[in-house]
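Trainee:
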Amino acid sequence: MATTTTTTCSTFGLPKLLHSTFTHNLNLSSSSSPPSSRNHPWLSSNPKPRTTVSISSCLVDSSSVKPASPKVSVQTRMWNWKGYSIRYQCAGNSGPALVLIHGFGANSDHWRKNIPVLAESHRVFAIDLIGYGYSDKPNPRELGDAPFYTFETWGAQLNDFCTDVVKDKAFFICNSIGGLVGLQAAVADPSICTGVMVINISLRMLHITKQPWYGRPLIRSFQNLLRNTPVGKFFFQTVATKESVKNILCQCYHDTSQVTDELVDAILRPGLEPGAADVFLEFICYSDGPLPEELLPQVKCPVVVVWGDKDPWEPIELGRAYGEFDPVEDFIALPGVGHCPQDEAPHLVNPLVESFVARHATMKS
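The sequence shown runs 33 to 397 under my numbering.
#1: Which value, in whole angstroms, describes the spacing of the CA atoms of Ala202 and Ile224?
#2: To the nearest angstrom, how far is it from the Cα of Phe183 to the Cα of Gln216?
#3: Is the beta carbon of Tyr181 closer than 8 Å to that of Glu314?
#4: Which residues mark the beginning and the end of the alpha helix (DSSP H) in which Ser117 is found?
#5: Cβ of Val263 within 8 Å of Cβ of Ile133?
#6: Going by DSSP, which residues form a beta bridge with Trp113?
#7: Please report the residue range of the alpha helix (DSSP H) in which Asn382 lies.
#8: So is Trp345 buried or exposed if we call it buried at 16+ other beta carbons inside 10 Å?
#9: If you scan the stretch 194–235 from start to end, which runs of the alpha helix (DSSP H) of 4 or more residues do you find wholly inside it?
#10: For a test of the three-state rule: what should DSSP assign to Ile133, helix, strand or coil?
#11: Return the first residue and the last residue of the alpha helix (DSSP H) that Ala298 is part of.
#12: Look at the alpha carbon of Val369 and the alpha carbon of Asn256, and state the distance between them as a whole number of angstroms.
#13: Do the stretch 153–161 and the stretch 110–121 meet, that is, are 3 or more Cβ pairs less than 8 Å apart?
#14: DSSP puts Val277 in a beta bridge; with which residues?
#15: DSSP on Val92, reduced to helix/strand/coil?
#16: Using a Cβ-Cβ cutoff of less than 7 Å, which residues in the same chain neighbour Phe388 once the five nearest sequence positions on both sides are dropped?
#17: Report the three-state DSSP secondary structure of Thr261 (helix, strand or coil).
#18: Run through DSSP, which three-state label would Gln107 get?
#19: Output needed for Asp192: all residues of its chain with C-beta closer than 7 Å, excluding positions within five of it in sequence on either side, in chain order.
#20: Quick one: what does DSSP say Ala138 is sitting in, helix, strand or coil?
#21: Between the stretch 137–150 and the stretch 295–305, do at least 3 Cβ pairs fall closer than 8 Å?
#22: Is there contact here, the stretch 340–355 with the stretch 231–249, by at least three beta-carbon pairs under 8 Å?
#23: Please state if the CB of Leu258 and the CB of Ile299 are separated by a distance shorter than 8 Å.
#24: Based on Cα-Cα distance, which residue from Gly321, Val296 and Asp200 lies nearest to Leu238?
#25: Whose C-alpha, out of Glu361, Leu323 and Glu174, is nearest the C-alpha of Val311?
#26: Output the distance between the C-alpha atoms of Ser289 and Pro373, rounded to the nearest integer angstrom.
#27: Report all residues from its chain with a CB closer than 8 Å to the CB of Ala393; omit the five preceding and five following residues, and keep chain order.
#28: Express the C-alpha separation of Gly307 and Asp168 in angstroms, rounding to a whole number.
#29: Helix, strand or coil for Ile348 per DSSP?
#30: Helix or strand or just coil, what does DSSP make of Trp339?
#31: Going straight from the alpha carbon of Ile364 to that of Val338, what length do you get?
#32: When burial is assigned at 16 or more other CB atoms within 10 Å of the CB, is Glu349 buried or exposed?
#33: For Glu294, which option in Gly115, Trp143 and Tyr116 has the closest C-alpha, if you only look at C-alpha atoms?
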């Protein structure tokens, strides 16, 4: 049974642009109305009683949060995975191992405000999933008919990373679609994952099962248009600009002052590398695969769900249902925070990570 905590205080996935196109402009989903079990059958399960705990903003004063020690050095390294070069960042010499997993269109730099702080008492690794950041971006059309950029692929990559690089069990700290990657990895090999924190996990509202029957042909047609005609590359070119990236980030960050030039550059620059457009188009046409509500019942380790309640892409009204699954020990709402709390409000997220890990860690120096 999850405890629901509200933390009162003083993001990024490009497929949400398509979600907005389909669901808001074409009115194909119920996001403009209260969630119901008719539109979302997984909400119809009998809810378990919850304890609600409110934490006053005075208890989370950002001015009192200790900054990262200047002695913490963050290193960038490359790892060879099945012949592909994978970029990751690491810091910290002792303590439990954490692996930070970014969302769609992002990379390990999206954790730049978290790595040095967490590394003071943990061994921290942040990975660029294959296809993103400065990891290789193989053309999916050259890899056979089966989809390559899937949660199964990324889950396998994450578990292999823990085996080859971390060399230890690890906590998975995940944002957006990274949450599905972490859950998929935890289900695929329960011996590797100690616990999972999902932060504004993707609801996957473009999944075929979450769209009404009358909207599915339109979605499939538009996805085929993007993937199989020059329209897709043109669409990507309109998105992969500094102005567009900033506008998208300002949609999903409630505190838009956190959308800095540094952040825009961190997201945009690797997205301009060769192969990025093919990965982008492949994933936005990926309407199958696992859903959070399918993975959560299979997870054997503790899970914490964190949710910025001003997320315009993943409504907290739908996200609260994830707190009812047995592995979930806490559902923590962050009022006034958007889709990427780890970057928008790191002074709130970092202590939550430390607390979660402290409850379940087996220390290894």
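For each residue, glycine too, the CB sits at the ideal point set by N, CA and C.
Source: prediction; values computed, not measured.
Mentor: Reading from the atomic positions:
#1: On the sequence shown, residue 202 is found 170 positions in, with the first residue counted as 1. On the sequence shown, residue 224 is found 192 positions in, with the first residue counted as 1. A straight line joining the alpha-carbon of Ala202 with that of Ile224 spans about 6 Å.
#2: Translated into the one-based positions of the sequence shown, residue 183 becomes position 151. Translated into the one-based positions of the sequence shown, residue 216 becomes position 184. In this structure, the straight-line span from the alpha carbon of Phe183 to that of Gln216 is close to 7 Å.
#3: Sequence index remark: in the sequence shown, residue 314 carries index 282 (1-based). Sequence index remark: in the sequence shown, residue 181 carries index 149 (1-based). Going by C-beta atoms, Glu314 is nearer than 8 Å to Tyr181.
#4: Locating residue 117 in the sequence shown gives position 85, counting from the first residue. No alpha helix (DSSP H) contains Ser117, which is instead part of the beta strand (DSSP E) from Tyr116 to Ala123.
#5: As a first step, residue 263 must be located in the sequence shown, where it is residue number 231. As a first step, residue 133 must be located in the sequence shown, where it is residue number 101. With respect to the 8 Å criterion, Val263 and Ile133 are not classified as neighbours on the basis of their beta carbons.
#6: Residue mapping note: residue 113 aligns to position 81 of the sequence shown, counting from 1. When beta bridges are read from the DSSP output, Trp113 appears opposite Tyr116.
#7: One-based indexing of the sequence shown puts residue 382 at position 350. Under the DSSP assignment, Asn382 falls in the alpha helix (DSSP H) whose first and last residues are Pro378 to His392.
#8: Sequence index remark: in the sequence shown, residue 345 carries index 313 (1-based). Buried, since its Cβ has 16 or more Cβ neighbours within 10 Å.
#9: Counting only runs of 4+ residues, the alpha helix (DSSP H) found wholly inside the stretch 194–235 occupies 209–220, in chain order.
#10: The residue you call residue 133 lines up with position 101 of the sequence shown. In the displayed model, Ile133 falls within a strand according to three-state DSSP.
#11: Counted from its first residue, the sequence shown places residue 298 at position 266. In this chain, the alpha helix (DSSP H) harbouring Ala298 covers Asp293 to Gly303.
#12: By 1-based counting over the sequence shown, the position of residue 369 is 337. By 1-based counting over the sequence shown, the position of residue 256 is 224. Their backbone Cα atoms lie some 35 Å apart in a straight line.
#13: Enough Cβ pairs lie closer than 8 Å, so yes.
#14: Within the sequence shown, residue 277 is the residue found at index 245, counting from 1. In DSSP, Val277 forms no bridge with anything.
#15: Position 60 of the sequence shown, counted from the first residue, corresponds to residue 92. Note that Val92 scores 45 on pLDDT, short of 50, meaning its location in the model is unreliable; the coordinates nonetheless yield the value given after this. Note: Val92 maps to coil in three-state DSSP.
#16: Counting from one through the sequence shown, the residue named residue 388 turns up at place 356. The answer, listed in chain order, is Gly227, Met229 and Val336.
#17: Against the sequence shown, residue 261 aligns to sequence position 229. It is coil, neither helix nor strand.
#18: To locate residue 107, count along the sequence shown from 1; it is residue 75. Here Gln107 sits in strand by DSSP.
#19: Translated into positions along the sequence shown, residue 192 becomes position 160. A distance below 7 Å between beta-carbons, with the five flanking residues on each side excluded, links Asp192 to the following residues of its chain, in chain order: Trp113.
#20: In the sequence shown, the residue the question calls residue 138 occupies position 106. Coil at Ala138, not helix or strand.
#21: Taking 8 Å as the limit for Cβ pairs, the verdict is that the stretch 295–305 does touch the stretch 137–150.
#22: As far as the Cβ criterion goes, the stretch 340–355 touches the stretch 231–249, which means the pair count is three or higher.
#23: The residue given as residue 299 occupies position 267 in the sequence shown. The residue given as residue 258 occupies position 226 in the sequence shown. No. Outside cutoff.
#24: Your numbering for residue 238 matches position 206 in the sequence shown. The option with the nearest alpha carbon to Leu238 is Gly321.
#25: Translated into the one-based positions of the sequence shown, residue 311 becomes position 279. For Val311, the nearest C-alpha among the options comes from Glu174.
#26: Locating residue 289 in the sequence shown gives position 257, counting from the first residue. Locating residue 373 in the sequence shown gives position 341, counting from the first residue. If you draw a straight line from the Cα of Ser289 to the Cα of Pro373, it comes to about 13 Å.
#27: Here residue 393 refers to the residue found at position 361 when the sequence shown is read from its first residue. Cβ within range, chain order: Gly127, Pro128, Phe203 and Thr226.
#28: Translated into positions along the sequence shown, residue 168 becomes position 136. Translated into positions along the sequence shown, residue 307 becomes position 275. In a straight line, the C-alpha of Asp168 is about 8 Å away from that of Gly307.
#29: Within the sequence shown, residue 348 is the residue found at index 316, counting from 1. Three-state DSSP puts Ile348 in a helix.
#30: If you number the sequence shown from 1, residue 339 lands on position 307. In the three-state reduction of the DSSP assignment, Trp339 falls in the strand class.
#31: Position 332 of the sequence shown, counting from 1, holds the residue named residue 364. Position 306 of the sequence shown, counting from 1, holds the residue named residue 338. One C-alpha to the other measures close to 5 Å.
#32: Residue 349 sits at position 317 when you count from the first residue of the sequence shown. Exposed is the call here.
#33: One-based indexing of the sequence shown puts residue 294 at position 262. Residue Trp143 is the option with its Cα nearest to Glu294.
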